[in-house]
Amino acid sequence: MISKRAKYAMKALIRLTEEYGKGPLMISELAKQAQIPQRFLEAILLDMRNHGLLHSQKGKGGGYMLRVEPERVNLAQVLRIIDGPIAPTPCVSKNFYVRCDDCTDEETCRIRSVMIQVRDANLAVYETISLKALTTLTPLTSALTDSETAPA
5 MISKRAKYAM KALIRLTEEY GKGPLMISEL AKQAQIPQRF LEAILLDMRN
55 HGLLHSQKGK GGGYMLRVEP ERVNLAQVLR IIDGPIAPTP CVSKNFYVRC
105 DDCTDEETCR IRSVMIQVRD ANLAVYETIS LKALTTLTPL TSALTDSETA
155 PA
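Residue numbers for the sequence shown follow the numbering used here, so the first one is 5 and each next one is one higher.
Okay, structure coming up:
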């Protein structure tokens, strides 16, 4: 599951992508439009700026804007900046690998084998959806099925 922080980051990036090439968007406007608490948003935008995704401009007419073309940024990059590892367990992370404390043999671990499949399935989606593509997706209009609303 992605964090609320990651969801807020994606909501903000959708708005910034929609405004790409039009100049900076003020934090207060972005927070209002994306329905994100402003103080929370400020920390998220700062993280993304520090990782090179955003540019900030101070003063009158200032705000935040994308530094990178929206076609060149995918959801996996955003999630790693905001949440860190995408993998469901530390031992299957491609970028933040850590051996599990309770594991005696990774090569024969059945749990690890399944978690690699879960990681790869998630990455297949996250890596193919760019910020630009995210702005063109059609929201789900039908009700979720019982299996989609069941607790995980």
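Built from N, CA and C at the ideal position, the CB exists for glycine as well.
Just so you know, these numbers come straight off a predicted model, no measurement behind them.
(message) Using DSSP's beta-bridge definition, name the partner residues of G65.
(response) Answer is none; G65 lacks a bridge partner.
(message) If you measure between the beta carbons of L83 and L20, is that distance less than 8 Å?
(response) One thing to note: L83 has its Cβ no nearer than 8 Å to the Cβ of L20.
(request) Can you say whether K36 is buried or exposed, counting buried as having 16 or more other CB atoms within 10 angstroms of its CB? (result) By the 10 Å Cβ count, K36 comes out exposed.
(request) Indicate the three-state DSSP secondary structure (helix, strand or coil) for S97 in the structure shown. (result) Coil, per DSSP.
(request) Assign A147 to one of two classes, buried (16 or more other C-beta atoms within 10 Å of its C-beta) or exposed (fewer than that). (result) Per-residue confidence for A147 stands at a pLDDT of 49, beneath the threshold of 50, marking its modelled position as unreliable; the derived number appears in the next sentence. With fewer than 16 other Cβ atoms within 10 Å, it is exposed.
(request) Can you check the stretch 45–90 for any alpha helix (DSSP H) of at least 4 residues that lies completely inside it and give the ranges in chain order? (result) 79–87, all fully within the stretch 45–90.
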